[in-house]
Each structure stands twice: as C-alpha cells, then as structure tokens.
Amino acid sequence: MGRPALVRSFARGRITVVRRAVAEFAAAEGLAGRRLEDFVLAVNEITTNAVLHGGGSGRLRLWSLDGRLWCEVTDDGPGLPPGWMGSERTPSRYDTGGRGLWLTRLLCDHVTIVSTPAGTSVTFSTCTG
Amino acid sequence: MDVAGSVLDPELGDHVCLPFAGEGERIAATRLFTANGLRRGARVLIVTCARTPEETRAWLAPAVPGLARAEAEGRVVIRPAGGTTLTGRRPDPSRVLKGLSAAVERAGEDGHAGLYALVDAAWGAGDPARQTTCEAVSNPLFGERRLASVCQYDLRLFSGEAVERAASVHPIAPERAALRYAVTSRPPGLRLSGDVDLTNRQALASVLAPLEREPGEVVLDVTAMGFIDAGSAQLLAATALARQGRPTVVVCGEAVARVLRLVRADALLTVRRGADG
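Just so you know, the protein sequences line up as chains S and R, in that order.
Note that my numbering gives residue 32 to position 32 of the first sequence, counting from 1, and the numbers run on in steps of one.
To get my numbering, take the position in the second sequence, counting from 1, and add 1000.
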C-alpha cells in the first residue's frame, strides 16, 4: 500500500487541476512514459464524460494496491443511455459519450462500469511495476 | 495570487479570462496589468464599465508613476465601455472585432510594441451568451500576436455557469488549460502550444474556424503542445473534414500523434512527426 488515496471532487472548470493532481500522484507512484500518459488521458476522458453527460460534476479517487494504480470516477448523472452498446464496440464519430469509455479500455486495464439511473461509476487500473 | 500574477503579465497573443471576487482584486489586477504593459512598451487600453475612468485613475496614480504623462502620450488610454467603438450598448460580435482590430492597428501606427487591453466584462452582463460569442470571434485576431487582453469577469455580476462558459472560449484562464497560438502564413496555418481540454476547447474551435476557408494546404504545428484531450483532437479532424479534401497537415510529437490515432483523426489529417516536445 502506498500513500493515502487521492480524493477530489470536480466540475467543469476543475478538469485541468484534477488532471494535474492525478499526473503528479501517478508519477510519485512510479508511473512514467507512455503508461503515465495513457493513464492521465483515461482519467481526463472519464472526468470529462462526467461533466458533459453525468450531471456536470463528479468525484475521483486514486489509490495504489499490489503494484497497480486504481482510479474510480463517480457521478450522479442519469446513467448511460438505454441504447448504449458497450465499450467494446468502436464508437461512431458522433458517439462522444461512449468514446471516453472505449478509449479507457484501450489505455488501461480492469475497466468496470456500474451505471444506474442515479449515476455512473467507472473504475480502471494500470500496472505501476 | 501566483496564477493571477502570471495571467496579468500576458504575452502578446494571450486572451485571458480572469474571474474576480471583489474591488480589492479588481484594483490590484488593474495596477499590475498596467505596470506590466508599460514595461513591455505596449499601449495599455483600459475599458471600464462598472467603475468610472476617474475612479480607475485614482487607483492607478499611486502605483503607476507618471500616469498623467503616460495618458498624455497615449501609452495609457482609459475609456468607459459605452464610449469606445469596442463595445456598444448590446454585445455585437462584428463591432467588437472591428473595434479591436482598429485599436491594434492604431497602437502599431503610434509606435507601440502592441496593444495590452484590460476589459471590464460587465459591459456584456446583460446578455452573457452574446458576449461569449464576441469573445470567441475575436480569438483569431490574437493569433497575430500584437494584442494581449485580460477580460475581468466579476463573480458578483456573472453566474458561475456564465463565468464557466466565458472561461471556455478564452484560450487562457486561471487554473484551467492554457493555449497559445500564432498565425503562420507560409504555409498558412497555426503554431499551437500549451494544453487544450474541455476548459478551453471552444477557444481552439474558434481559432481553427478560419482555416476551413483556406484554399490550399494548411499546416498545424502542435509540436510544442503538452496535452490534447480526445474531444479537442476530434476538433482537428472536424476541421480537416470541413476542408473537403484540401490537405490538412498536423506536425506533432509522439504524445499528440497517439491521441490523434486513438480518435482516428489520422484518417482525415496528414500526421507528420516533428521534434518531440
């Protein structure tokens, strides 16, 4: 177990500040190079999704466990739309909401999505070793 | 005050949104901005609205030695919003753009290094949506890098939502991603640096818009860009798409090239590798 978890609330204007805090935390946990860039991009896309489609704000938690860095982003939005086909399908050019999840699957591991009409929670991880 | 300090010493080309909370912050910002503009040899234009030019002079005098002389020589110009060609009674995008271009030209003709404009955004508080359009359409002008502007948004006057909307059309705002850009002519295009994400994506959209009309090849040099999010990378692709087959080239380092590939923008753009930033 590394340092205490990083916990942040965010809304539209805080996307940049949260991303910078995540980059700093992740680097201190040993992430570097491409893996660091990918993790930071995934966090950026999921927090951006929360702002655009998940009610405008959310909460982020970042923690290390057994050689992996984990991220959880939760929002109180309306949940994923009923017609949503899953993040394994390549999104169309206009499918902006699904793209963040699809990208996160490409960039990180263990992507879990829990979506209800009361909100969405996305969890993913990357290897720090 | 660190971040506010640096946005109050902008480079020519910077277009800054500065939300502020009270008269103390307004006065401090006005003093710092004026001193920095004079030091850089620019003409300092202060467009007042909620407060009068006389009040503004009274705060500036103790902080700016020789203010009266600077005004007499045209190095400092203080005007109420209603009395300039920049703004009318109602936010009017083409009028703002025309007024701003003319003021930049005049500053150059009068031998100044550029125009440093500090604008009380209260002038558009009656119609913030239209004001946001005015801010956005003026963005391409900043690409000539002869103009720096700090737009002061009073948090007592503008809702949180209105400030957020205003911030997102400004390339630079405190605690948000900061984008810098310069218009290039041979080949036509832009040189971009800094970061772009949801907090300034609309600003990027407004500086890309004129490129859609460029007849020949367009080159976007983003070698010095630190971060681009997926949605902004898609804006580059959308620009290429709108150009209907006329080539759009993006010169970039590996990190940006990867984002362009991930969103499949490389199918519409020619991605050329520059020196990695």
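From the three backbone atoms N, C-alpha and C, an ideal C-beta is built for every residue, glycine too.
Computed from a predicted structure; not experimentally measured.
request  = Just the C-alpha distance for residue 72/S and residue 114/S, rounded to the nearest angstrom, thanks.
outcome  = 11 Å
Closest by C-alpha distance to residue 56/S, when choosing among 1263/R, 1227/R, 1161/R = 1161/R
request  = Report all residues from its chain with a CB closer than 6 Å to the CB of residue 1266/R; omit the five preceding and five following residues, and keep chain order.
outcome  = 1260
inquiry  = I'd like to confirm the pairing. Which residues does DSSP put opposite residue 1123/R in its beta bridges?
reply    = Note: residue 1123/R sits in no beta bridge, so no partner.
ask   = Counting along the chain, where does the alpha helix (DSSP H) carrying residue 1138/R start and finish?
value = Start and end: 1128-1142.
task = Measure from the alpha carbon of residue 1169/R to the alpha carbon of each residue in 1247/R, 1211/R, 1206/R, 1223/R, then state which is nearest.
result = Sorting 1247/R, 1211/R, 1206/R, 1223/R by C-alpha distance to the C-alpha of residue 1169/R places 1206/R at the top.
query = For residue 35/S, which of helix, strand or coil comes out of DSSP?
reply = helix
N- and C-terminal bounds of the beta strand (DSSP E) containing residue 1052/R = Per DSSP, residue 1052/R belongs to no beta strand (DSSP E) and is neither H nor E.
ask   = Nearest CA to the CA of residue 1224/R: which residue from 1208/R, 1255/R, 1112/R?
value = 1255/R
task = Would you grab the beta carbon distance between residue 48/S and residue 100/S for me? Rounded to a whole angstrom, and I think it's under 8 Å.
result = Separation of the CB atoms of residue 48/S and residue 100/S is rounded to 6 Å, and the pair is thereby assigned contact status at 8 Å.
request  = Measure the CB-CB distance between residue 3/S and residue 28/S and report whether it falls below 9 Å.
outcome  = yes
ask   = Per DSSP, what kind of secondary structure is residue 1234/R in: helix, strand or coil?
value = If DSSP states are grouped into helix, strand and coil, residue 1234/R belongs with the helices.
inquiry  = So with CB distances below 9 Å, who are the chain R contacts of residue 116/S?
reply    = Annotation: residue 116/S has no Cβ neighbours in chain R at a cutoff of 9 Å; minimum Cβ distance is about 24 Å.
query = residue 187/S by DSSP, collapsed to three states: which one?
reply = Lying before the first or after the last residue shown, residue 187/S is absent from chain S, which here runs from 1 to 129.
request  = With DSSP collapsed to three states, give me the class of residue 1164/R.
outcome  = Per DSSP, reduced to three states, the secondary structure at residue 1164/R is helical.
task = Could you check the C-alpha separation between residue 126/S and residue 25/S for me, to the nearest Å?
result = 13 Å
DSSP-derived helix/strand/coil call for residue 1221/R = strand
task = Go to residue 1070/R, then tell me how far its alpha helix (DSSP H) extends in each direction, as first and last residue.
result = 1067-1072
query = Who are the neighbours of residue 1176/R on chain S, taking C-beta pairs under 7 Å?
reply = 13, 16
query = Which residues in the same chain as residue 129/S place their Cβ atom closer than 6 Å to its Cβ, once the five residues preceding and following it in sequence are excluded?
reply = 67
message = Using beta carbons (cut-off 9 Å, strictly below), is residue 1073/R in contact with chain S?
response = No, because no Cβ of chain S sits closer than 9 Å to the Cβ of residue 1073/R.
ask   = According to the Cβ coordinates, are residue 1179/R and residue 1208/R closer than 9 Å?
value = no
ask   = Helix, strand or coil for residue 1062/R per DSSP?
value = helix
query = residue 122/S to residue 80/S, Cα distance in whole Å?
reply = 11 Å
Option in 1023/R, 1021/R, 1006/R with minimal Cα separation from residue 1015/R = 1006/R
ask   = Near residue 1058/R, what residues of its chain come up, given a Cβ to Cβ distance below 6 Å and the 5 sequence neighbours on each side ignored?
value = none
task = Establish whether the CB of residue 58/S and some CB of chain R are separated by less than 9 Å.
result = It does not; no Cβ of chain R falls within 9 Å.
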